[in-house]
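Participant: For the sequence shown, our numbering assigns the number 17 to the initial residue and increments by one for each residue that follows.
Note that CB positions come from ideal geometry on N, CA and C, so glycine has one too.
No experiment lies behind these values; they were computed from the predicted model shown.
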Amino acid sequence: MRILYIDIDSLRPDHLSCYGYHRNTSPNIDAIASEGVRFTNYYASDTPCLPSRTALFTGQFGIRTGVVNHGGLYADMAPQGSGRAFRSRLAQGTLASALRQAGYHTASISPFPNRHTAYQVWYGFSETYDTGGNGLENADEMYPPAKRWLEANGRNDNWFLHVNFWDPHTPYDHPEDFGNPFADDPMDPWITQDLIDRQNASYGPHSATEVPGLDERLSPVSTMGVSRIKTRADAKAHMDGYDTGIRYADHYIGKLIQDLKDLGIYEETAIVISADHGENHGELNVWGDHQLADHITNRVPLIVRWPGVTNGQEGTVRNQFNYNVDLPATLMDLVDGECPDFWQGQSFAGALGADSGGERPYLVLSNGAWSCQRSVRWDDWLLIRTYHTGLKDLPAYMLFNLADDPHEQDNLAAARPDILGAGLLRLDQWMGDQMGTSERGDPFWGVMAEGGPHHANTNHPYWPEYLERLRATGREGHADNLAQYGGRPIHSGLEM
Numbered sequence: 017m018r019i020l021y022i023d024i025d026s027l028r029p030d031h032l033s034c035y036g037y038h039r040n041t042s043p044n045i046d047a048i049a050s051e052g053v054r055f056t057n058y059y060a061s062d063t064p065c066l067p068s069r070t071a072l073f074t075g076q077f078g079i080r081t082g083v084v085n086h087g088g089l090y091a092d093m094a095p096q097g098s099g100r101a102f103r104s105r106l107a108q109g110t111l112a113s114a115l116r117q118a119g120y121h122t123a124s125i126s127p128f129p130n131r132h133t134a135y136q137v138w139y140g141f142s143e144t145y146d147t148g149g150n151g152l153e154n155a156d157e158m159y160p161p162a163k164r165w166l167e168a169n170g171r172n173d174n175w176f177l178h179v180n181f182w183d184p185h186t187p188y189d190h191p192e193d194f195g196n197p198f199a200d201d202p203m204d205p206w207i208t209q210d211l212i213d214r215q216n217a218s219y220g221p222h223s224a225t226e227v228p229g230l231d232e233r234l235s236p237v238s239t240m241g242v243s244r245i246k247t248r249a250d251a252k253a254h255m256d257g258y259d260t261g262i263r264y265a266d267h268y269i270g271k272l273i274q275d276l277k278d279l280g281i282y283e284e285t286a287i288v289i290s291a292d293h294g295e296n297h298g299e300l301n302v303w304g305d306h307q308l309a310d311h312i313t314n315r316v317p318l319i320v321r322w323p324g325v326t327n328g329q330e331g332t333v334r335n336q337f338n339y340n341v342d343l344p345a346t347l348m349d350l351v352d353g354e355c356p357d358f359w360q361g362q363s364f365a366g367a368l369g370a371d372s373g374g375e376r377p378y379l380v381l382s383n384g385a386w387s388c389q390r391s392v393r394w395d396d397w398l399l400i401r402t403y404h405t406g407l408k409d410l411p412a413y414m415l416f417n418l419a420d421d422p423h424e425q426d427n428l429a430a431a432r433p434d435i436l437g438a439g440l441l442r443l444d445q446w447m448g449d450q451m452g453t454s455e456r457g458d459p460f461w462g463v464m465a466e467g468g469p470h471h472a473n474t475n476h477p478y479w480p481e482y483l484e485r486l487r488a489t490g491r492e493g494h495a496d497n498l499a500q501y502g503g504r505p506i507h508s509g510l511e512m
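(1) Report yes or no: do three or more beta-carbon pairs, one from the stretch 332 to 340 and one from the stretch 47 to 59, lie closer than 8 Å?
(2) Where does glutamine 360 land, buried or exposed, given buried means 16+ other C-beta within 10 angstroms?
(3) Hey, how far is the Cα of aspartate 458 from the Cα of leucine 398?
(4) Any contact between the stretch 457 to 473 and the stretch 398 to 407? By contact I mean 3 or more CB pairs, one from each, below 8 Å.
(5) Look up cysteine 355 in the DSSP assignment and say whether it is helix, strand or coil.
(6) The beta strand (DSSP E) that contains valine 242, what's its start and end?
(7) Verify whether the separation of the beta carbon atoms of histidine 267 and alanine 94 is less than 8 Å.
(8) Do you know how far the Cα of valine 320 is from the Cα of serine 50?
(9) Could you say if the stretch 89 to 106 and the stretch 367 to 379 meet the contact criterion of at least three C-beta pairs nearer than 8 Å?
(10) Buried or exposed: which applies to histidine 38, given that a residue is buried once 16 or more other Cβ atoms fall within 10 Å of its Cβ?
(11) What are the partner residues of methionine 414, as DSSP defines its beta bridges?
(12) Determine which residues share a DSSP beta bridge with phenylalanine 176 and list them.
(13) Assuming contact is defined by CB atoms lying nearer than 8 Å, are methionine 414 and isoleucine 435 in contact in what I supplied?
(14) DSSP three-state label for aspartate 409, please.
(15) Can the beta-carbon of tryptophan 394 be found closer than 8 Å to that of arginine 442?
(16) Verify the CB distance criterion: does serine 372 have a CB-CB separation below 8 Å to chain D?
(17) Assuming glycine 509 and proline 411 form a contact by the criterion Cβ under 8 Å, report the distance between their Cβ atoms to the nearest whole angstrom.
(18) Using only the alpha-carbon positions, how far apart do alanine 71 and alanine 118 sit?
(19) What's the gap between the Cα of glycine 353 and the Cα of arginine 116?
(20) Run through the DSSP bridge pairs and tell me what aspartate 305 is partnered with.
(21) Shortest alpha-carbon distance to leucine 230 belongs to which of Ala309, Glu484, Ile24 and Asn417?
(22) By a C-beta neighbour count over all protein chains shown, 10 Å radius and 16 as the cutoff for buried, is threonine 186 buried or exposed?
(23) Take the Cβ of valine 237 as the centre, count every other Cβ of all protein chains shown within 10 Å, and call the residue buried at 16 or more, exposed below.
(24) What are the boundary residues of the beta strand (DSSP E) that includes isoleucine 262?
(25) Glycine 304: which of Leu379, Glu283, Ser223 and Ile287 sits nearest, CA to CA?
(26) Measure the alpha-carbon distance for glutamate 295 versus aspartate 173 and round it to whole angstroms.
(27) Can the beta-carbon of alanine 112 be found less than 8 Å from the beta-carbon of phenylalanine 77?
(28) Looking at the structure shown, is glutamate 157 part of a helix, part of a strand, or coil, going by DSSP?
(29) Only counting runs of 4 or more residues, tell me where the alpha helix (DSSP H) segments fall wholly within the stretch 437 to 477, in order along the chain.
(30) Just verifying my parser: in three-state terms, what is the DSSP assignment at glutamine 136?
(31) Below 8 Å CB to CB, which residues in the same chain sit around threonine 326 once its five sequence neighbours on both sides are set aside?
(32) Using the three-state DSSP reduction, which class does glutamine 117 fall into: helix, strand or coil?
Have a look at this one:
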């Protein structure tokens with residue numbers, strides 16, 4: 017079997033038209049979904065970028081590997097120690113290594129390992145190609161090497177090709193001549209002027225008042241987007257930039273699919289489409305970034321079209337809970353390979369066919385690079401436990417009913433102590449199960465001891481600079497609270 021894995025950075029599923037979005041952002045991805053199986057509750061166990069792809073390609077949770085951050089000690093894998101043989105256990109047990117042992121030629125086209133110094137993602141690949149743009153490549157730069165690889169190797173059998181597209185990651189810098197396909201399309205109505213006004217009275221990196229980061233300086237390479245969101249028109253301009261990035265990536269995915277057809281191998285090629293994390297656009301006052309362990313940042317699309325497996329299941333939707341760490345075990349099941357004994361995923365291959373199976377009763381999610389949060393996702397509920405806010409006005413406990421409130425607007429933690437307790441029990445059970453497997457204890461303790469997550473670290477020079485900005489922009493009270501509490505939550509979220 018030939019396997020093409022399309023990895024789209026920062027892609028939230030509810031902005032794909034095949035997931036019900038009202039804008040036509042993804043006609044080519046939609047076409048693959050109509051021929052395969054689409055998963056609606058598939059989550060990255062650890063976010064954002066570095067923790068997510070480490071978890072995926074190593075088949076392990078961040079609490080085991082220690083990789084939960086983008087800097088500091090917990091951005092690197094825990095060393096294997098005295099038990100390391102001539103070859104490390106990890107290098108011989110990544111997804112790519114397992115596929116090679118199953119007889120597959122493995123190749124990856126991505127700038128990601130160099131961007132994050134995360135070469136564990138490439139362990140086991142027979143071929144790697146760094147496009148050299150450090151993650152700022154547009155789809156028109158990622159597509160040509162993928163096309164060349166397919167032309168040279170595509171007609172061979174038993175290969176796995178990982179292609180990493182970066183649109184719609186910020187900055188929104190696709191070529192201006194692509195235009196704005198959504199200029200006349202309305203924005204989601206849940207973003208109201210009242211919400212925007214409340215967010216402008218608040219604070220935080222990549223909030224409505226500082227969309228690009230810690231200030232209002234938009235990247236000079238941006239062709240779309242805004243630096244501050246004061247009105248619904250600003251919000252629409254921001255959303256148009258993100259959605260146009262999706263459409264631009266989709267355009268080149270269409271070219272890649274056509275290449276498979278031109279080579280005569282489309283019918284014998286399995287196609288998997290997913291992402292490393294989602295992207296908040298207004299939820300919890302995060303705009304254009306991936307800072308939380310929430311439904312928006314951690315939920316990612318998963319679309320699988322697998323000849324001989326998904327036949328007869330065209331357009332099927334699966335609502336079961338699964339992690340990205342379950343995908344390696346699923347792939348090995350499908351290719352009759354063997355999973356390393358230290359992988360933590362479980363196969364859901366049955367869910368690609370007529371059978372179900374492999375679903376998780378609940379999920380525990382983390383973000384340790386922008387905030388320190390763990391969340392529990394079960395039934396219709398999401399519980400978020402915040403240890404470090406990422407310099408935002410976030411309480412220690414948040415509880416959302418996602419069926420009624422998919423954009424996380426109404427915190428029910430105080431109103432539903434029964435559900436809150438049920439979520440905390442699940443979190444405690446999961447922690448108890450994981451601590452015996454962790455290679456250096458709970459990495460969140462280490463992240464907090466370092467001053468917090470890499471992008472919101474109170475020991476960094478940008479910390480006093482941001483306090484100064486808050487005072488200079490009439491938000492002295494927020495600056496005083498941050499100075500007193502650091503990144504710790506100011507409120508519990510349990511106040512009635």
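Facilitator: Inspection of the coordinates gives the following:
(1) yes
(2) Your numbering for residue 360 matches position 344 in the sequence shown. Glutamine 360 is buried by the Cβ-count criterion.
(3) One-based indexing of the sequence shown puts residue 458 at position 442. One-based indexing of the sequence shown puts residue 398 at position 382. Answer to the nearest angstrom: the Cα atoms are 22 Å apart.
(4) yes
(5) As a first step, residue 355 is located in the sequence shown; it is residue number 339 there, counting from the start. Coil at cysteine 355, not helix or strand.
(6) Here residue 242 refers to the residue found at position 226 of the sequence shown. Careful: valine 242 lies outside any beta strand (DSSP E) and carries neither H nor E.
(7) For the purposes of this step, residue 267 is identified with residue 251 of the sequence shown, where counting begins at 1. For the purposes of this step, residue 94 is identified with residue 78 of the sequence shown, where counting begins at 1. No, the Cβ-Cβ distance between histidine 267 and alanine 94 is not below 8 Å.
(8) Start at 1 with the first residue of the sequence shown, and residue 50 comes out as number 34. Start at 1 with the first residue of the sequence shown, and residue 320 comes out as number 304. Going from the Cα of serine 50 to the Cα of valine 320 covers about 10 Å.
(9) no
(10) Residue mapping note: residue 38 aligns to position 22 of the sequence shown, counting from 1. Under this definition histidine 38 is an exposed residue.
(11) For the purposes of this step, residue 414 is taken as the residue at position 398 of the sequence shown. According to DSSP, which records beta bridges pairwise, methionine 414 is partnered with Ile400.
(12) What you label residue 176 is simply residue 160 of the sequence shown in a count that begins at 1. The partner list for phenylalanine 176 (beta bridge, DSSP) reads Ile19 and Thr122.
(13) Translated into the one-based positions of the sequence shown, residue 414 becomes position 398. Translated into the one-based positions of the sequence shown, residue 435 becomes position 419. Contact: no.
(14) Here residue 409 refers to the residue found at position 393 of the sequence shown. If DSSP states are grouped into helix, strand and coil, aspartate 409 belongs with coil.
(15) Indexing the sequence shown from 1 puts residue 394 at position 378. Indexing the sequence shown from 1 puts residue 442 at position 426. Their beta carbons are under 8 Å apart, which means tryptophan 394 touches arginine 442 by this criterion.
(16) Absent from the structure: chain D. Only one protein chain is present.
(17) What you label residue 509 is simply residue 493 of the sequence shown in a count that begins at 1. What you label residue 411 is simply residue 395 of the sequence shown in a count that begins at 1. So it is a contact: roughly 3 Å between Cβ atoms.
(18) Position 55 of the sequence shown, counted from the first residue, corresponds to residue 71. Position 102 of the sequence shown, counted from the first residue, corresponds to residue 118. Cα to Cα, the separation comes out at about 21 Å.
(19) Along the sequence shown, read from residue 1 onward, the residue named residue 353 stands at position 337. Along the sequence shown, read from residue 1 onward, the residue named residue 116 stands at position 100. Those two C-alpha atoms are separated by around 9 Å.
(20) Counted from its first residue, the sequence shown places residue 305 at position 289. BP columns for aspartate 305 point to Asn296.
(21) Looking up residue 230 in the sequence shown gives position 214. Nearest of Ala309, Glu484, Ile24 and Asn417 to leucine 230, Cα basis: Glu484.
(22) Along the sequence shown, one-based indexing puts residue 186 at 170. Flag for threonine 186 reads buried.
(23) Mapped onto the sequence shown, residue 237 falls at position 221. Answer is exposed; the Cβ neighbour count stays below 16.
(24) Residue 262 sits at position 246 when you count from the first residue of the sequence shown. Not the beta strand (DSSP E): isoleucine 262 falls in the alpha helix (DSSP H), residues 248 to 278.
(25) As a first step, residue 304 is located in the sequence shown; it is residue number 288 there, counting from the start. Nearest option by C-alpha distance: Ser223.
(26) Translated into positions along the sequence shown, residue 295 becomes position 279. Translated into positions along the sequence shown, residue 173 becomes position 157. Taking the straight line joining both Cα atoms gives about 36 Å.
(27) Residue numbering aside, residue 112 sits at position 96 when the sequence shown is read from its first letter. Residue numbering aside, residue 77 sits at position 61 when the sequence shown is read from its first letter. No, these two residues do not count as a Cβ contact at 8 Å.
(28) Translated into positions along the sequence shown, residue 157 becomes position 141. Here glutamate 157 sits in helix by DSSP.
(29) 459 to 465
(30) On the sequence shown, residue 136 is found 120 positions in, with the first residue counted as 1. Three-state result, glutamine 136: helix.
(31) Sequence index remark: in the sequence shown, residue 326 carries index 310 (1-based). Contacts found: Glu51, Gly52, Val53, Val320, Thr332, Leu368 and Gly369.
(32) For the purposes of this step, residue 117 is taken as the residue at position 101 of the sequence shown. Looking at glutamine 117 - three-state DSSP - the assignment turns out to be helix.
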